[in-house]
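Read through the structure below, which is laid out as structure tokens, and then see the notes.
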Amino acid sequence: MPTAVRRHIINNPHRVIDEALDGFALTHPELVTFNNEHNLISRKTLTPGKAGLVSGGGSGHEPLHAGFVGSGMLDVAVCGAVFASPTADQVHAGTKLANTGAGVVQIVKNYTGDVLNFQIAASLADDDGVPVEQVLVDDDLASDNGNDGPGRRGTAAVVTVEKVCGALAERGAGVSTIATRGRDVVARSRSLAIALDAGAHPGESAAAFELEPHEVEYGVGIHGERGTGRIAFAPADDLVEQLVTPLVSSLQVKRGQSVIAIVNGLGGAYPLELSIAARNVHNLLNGRGISIARSLVGTYVSSLNMHGLSVTLTVADDELISLWDDAVRTPALTW
Amino acid sequence: MTNLIDGSTALAWFTAFNERFASTQAYLTELDRLAGDGDFGVNIASALERTQARLPPATEATCTTVFEAASRGFMATGGTSGPLFGMWFRDIAKGTKNDAAAVTDIAQGIAAGLSTIQKLGGARVGDNTMIDALEPASVALTAGAERGSTLGNALLEAALAARAGAESTADLVAARGRATYVGELARGVLDPGAVTIALFFEAGADTVGADTVGAGRA
Numbered sequence: 001m002p003t004a005v006r007r008h009i010i011n012n013p014h015r016v017i018d019e020a021l022d023g024f025a026l027t028h029p030e031l032v033t034f035n036n037e038h039n040l041i042s043r044k045t046l047t048p049g050k051a052g053l054v055s056g057g058g059s060g061h062e063p064l065h066a067g068f069v070g071s072g073m074l075d076v077a078v079c080g081a082v083f084a085s086p087t088a089d090q091v092h093a094g095t096k097l098a099n100t101g102a103g104v105v106q107i108v109k110n111y112t113g114d115v116l117n118f119q120i121a122a123s124l125a126d127d128d129g130v131p132v133e134q135v136l137v138d139d140d141l142a143s144d145n146g147n148d149g150p151g152r153r154g155t156a157a158v159v160t161v162e163k164v165c166g167a168l169a170e171r172g173a174g175v176s177t178i179a180t181r182g183r184d185v186v187a188r189s190r191s192l193a194i195a196l197d198a199g200a201h202p203g204e205s206a207a208a209f210e211l212e213p214h215e216v217e218y219g220v221g222i223h224g225e226r227g228t229g230r231i232a233f234a235p236a237d238d239l240v241e242q243l244v245t246p247l248v249s250s251l252q253v254k255r256g257q258s259v260i261a262i263v264n265g266l267g268g269a270y271p272l273e274l275s276i277a278a279r280n281v282h283n284l285l286n287g288r289g290i291s292i293a294r295s296l297v298g299t300y301v302s303s304l305n306m307h308g309l310s311v312t313l314t315v316a317d318d319e320l321i322s323l324w325d326d327a328v329r330t331p332a333l334t335w
Numbered sequence: 001m002t003n004l005i006d007g008s009t010a011l012a013w014f015t016a017f018n019e020r021f022a023s024t025q026a027y028l029t030e031l032d033r034l035a036g037d038g039d040f041g042v043n044i045a046s047a048l049e050r051t052q053a054r055l056p057p058a059t060e061a062t063c064t065t066v067f068e069a070a071s072r073g074f075m076a077t078g079g080t081s082g083p084l085f086g087m088w089f090r091d092i093a094k095g096t097k098n099d100a101a102a103v104t105d106i107a108q109g110i111a112a113g114l115s116t117i118q119k120l121g122g123a124r125v126g127d128n129t130m131i132d133a134l135e136p137a138s139v140a141l142t143a144g145a146e147r148g149s150t151l152g153n154a155l156l157e158a159a160l161a162a163r164a165g166a167e168s169t170a171d172l173v174a175a176r177g178r179a180t181y182v183g184e185l186a187r188g189v190l191d192p193g194a195v196t197i198a199l200f201f202e203a204g205a206d207t208v209g210a211d212t213v214g215a216g217r218a
């Protein structure tokens, strides 16, 4: 069997982000505006006096983050190149734009480049007189190496953090209350992912790695990198169990507790596969006496066109569920 | 004799830095390819290009506006080295209260920028990063300023200390920065960020020194 050459529906590899953001903004003119100098997607109308919410990072994770700009979630998404942090200059511009007088909360996934550039942007904004709080998202259980190194990666729990912080901001909370709650959501959340096939960068003909038909990459992140190991290819229920069991034990979820669950496609998994996975997430948790209070099933935080999925669990309480249920209207999430 | 960095000296410093970097870029890229991901040379070159585009005209330049332009140019660059240099230049710009900076102003700005970079990146001397050149240079410059050295002498001492610091990274295994991931493989390879710091101080020492000689001849 010849190795498939990856092709992409693009014009120019160097213009992928500009053109995609332009198209995105043209698609949702009632919700968002595109600033093409700094590659910012912002709400069509910002609310004066509301705490601003900014997130961002490398591109290639769509619909994250631009898809979550709108009422009830983010005010501004700062979009870097594929898998590369936006510059401090871009983040600074996004932070200033999001500030309508009450300061800004930055939601940052834990990667060296993102952390550095958001920190620099925060200190530049501070010099401008804009109070900035940060929530660092580091939910990926596979990259948990104790205290050594850069720490756990930030993955799909960022959606839960953006939803909950967005609801609080809409209710009129201040930046420090929002950030405290955001950090609490991170502490209650863990994610794990598997992949059958890596994605390929726009314009590149080869995938980031190749697997034999009997192999599954276990513990992958969202940048096409290798996981922490390989497991045997098996039916969906077996694969999902190998994600759910370590999550439950890491979070120490007890019988009678409830969770918010995200069954997330990494870009190449199709809805039928995700629903089959979601079915077993329900069965496994119900079998342990844990209820799924709310859940999302779909592609929310992708890794280009990686064929794989992640499961994120967040230990819930009444207040968290109430914030989750607040109205949201964004291109990728609406209720 | 120039004991102040005014706008035109600062512009000349960046021109000299640009030239030194351009002639060393291929070598620095090779160092980064051996110990990192190979994007260092391109990132710094594009930061210098952006700086060039933002520099004020010679008739309006002050030491502050030149370093501010460099700060913005580097801050708009990808990777991690560019933004760290950008924060460093920003503190140097902040340290120059007047149109021209004396040796004490520059020494204070450079020391403040060093501490900002360390706060952001967490690196210490011996971690095989730009800090291995920057910290000894900053210490030498501050000592020179306290002794009442001329600007030219103080910058020359800083340049020598930065170069020695950069050379010392050949024997180090990275504890911070991109070279962490290759560990022992980076032994024997100079850290490109540290070498670039040395180039910067050498450009400064040359610019101010040449200026002094030039004034003497005229």
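Taken in order, these protein sequences are the chains called A and B. Residues in the first sequence are numbered consecutively from 1, following this note's numbering. Residues in the second sequence are numbered consecutively from 1, following this note's numbering. Every residue gets a Cβ at the ideal spot worked out from N, C-alpha and C, and that includes glycine.
Determine, using beta-carbon pairs with one atom in the stretch 282 to 301 of chain A and one in the stretch 5 to 16 of chain B, whether at least three such pairs fall under 8 Å. no
Under three-state DSSP, which class holds H38/A? coil
Mind checking if D140/A is an interface residue toward chain C, Cβ cutoff 7 Å exclusive? Absent here is chain C; the protein component of the structure consists of chains A and B.
What does DSSP give as the partner residue(s) for N264/A in the beta ladder? G298/A and S310/A
So is N43/B buried or exposed if we call it buried at 16+ other beta carbons inside 10 Å? buried
What did DSSP end up calling I231/A once you bin it into helix, strand or coil? strand
For K163/A and M75/B, I'd like the C-alpha separation in whole angstroms. 30 Å
Exposure label - K109/A; buried when at least 16 CB within 10 Å: buried
If you check the beta carbons only, do M421/A and A206/A fall under 7 Å apart? Nothing in the structure corresponds to residue 421/A, since chain A is present only between 1 and 335.
Any C-beta of chain B within less than 7 Å: which residues of the stretch 109 to 132 of chain A qualify? T112, G113, L116, N117, Q119 and I120
List the residues of chain B whose Cβ lies closer than 9 Å to the Cβ of D89/A, in chain order. R72, M75, A76, T77, P83 and G86
Would the beta-carbon of R255/A fall within 7 Å of that of G224/A? no
Locate the beta strand (DSSP E) running through I197/A, then write down its first and last residues. Ile is not the amino acid found at residue 197/A; the sequence shown has Asp there. D197/A -> beta strand (DSSP E) spans S189 to D197.
Can you tell which of S85/A, R279/A and G227/A has its C-alpha closest to the C-alpha of S143/A? G227/A
Residues in the stretch 55 to 88 of chain A with C-beta within 9 Å of chain B's C-beta atoms, listed in sequence order? G80, A81, A84, S85, P86, T87 and A88
What residue from D206/B, F200/B, A205/B and V208/B has the CA that sits closest to W88/B's CA? F200/B
Hey, does T80/B have any beta-carbon neighbour from chain A nearer than 7 Å? yes
Of the choices E319/A, N12/A and H28/A, whose alpha-carbon is the least far from that of P331/A? H28/A
Applying the 10 Å Cβ sphere with the 16-neighbour rule, what's the burial state of Q118/B? buried
Measure the Cβ-Cβ separation of H201/A and V311/A and say whether it is below 7 Å. no
Neighbour list for L120/B in chain A, Cβ cutoff strictly below 8 Å: L116, Q119 and I120
Which residue or residues does DSSP assign as beta-bridge partners of R43/A? V32/A
Integer Cβ distance of V135/A from R183/A, believed to fall under 8 Å: 6 Å
What is the DSSP secondary structure of L333/A, counted as helix, strand or coil? coil
Could you give the DSSP three-state label for T212/B: helix, strand or coil? Any reading at T212/B needs caution, since the residue's pLDDT is 47, under 50, leaving its predicted position unreliable; the model's value is listed next. Helix.
According to DSSP, simplified to helix, strand and coil, what is D317/A? coil
If you reduce the DSSP assignment to three classes, tell me which class Y218/A lands in. strand
Can you find the residues in the same chain that come closer than 6 Å, C-beta to C-beta, to Q90/A, ignoring five residues on each side of it along the sequence? H38 and V78
Classify A232/A: buried if its beta carbon has 16 or more other beta carbons within 10 angstroms, exposed otherwise. exposed
Across which residues does DSSP place C79/A in a beta bridge pair? G57/A
Once you ignore the five residues that flank E170/A on each side, which residues in its own chain have a CB closer than 6 Å to its CB? G72
For G52/A: DSSP bridge partner residues: V104/A
With A159/B and A205/B assumed to form a contact (beta carbons below 8 Å), what rounded beta-carbon distance in angstroms separates them? 4 Å
Could you tell me the distance, in whole angstroms, from the CA atom of N12/A to the CA atom of L26/A? 19 Å
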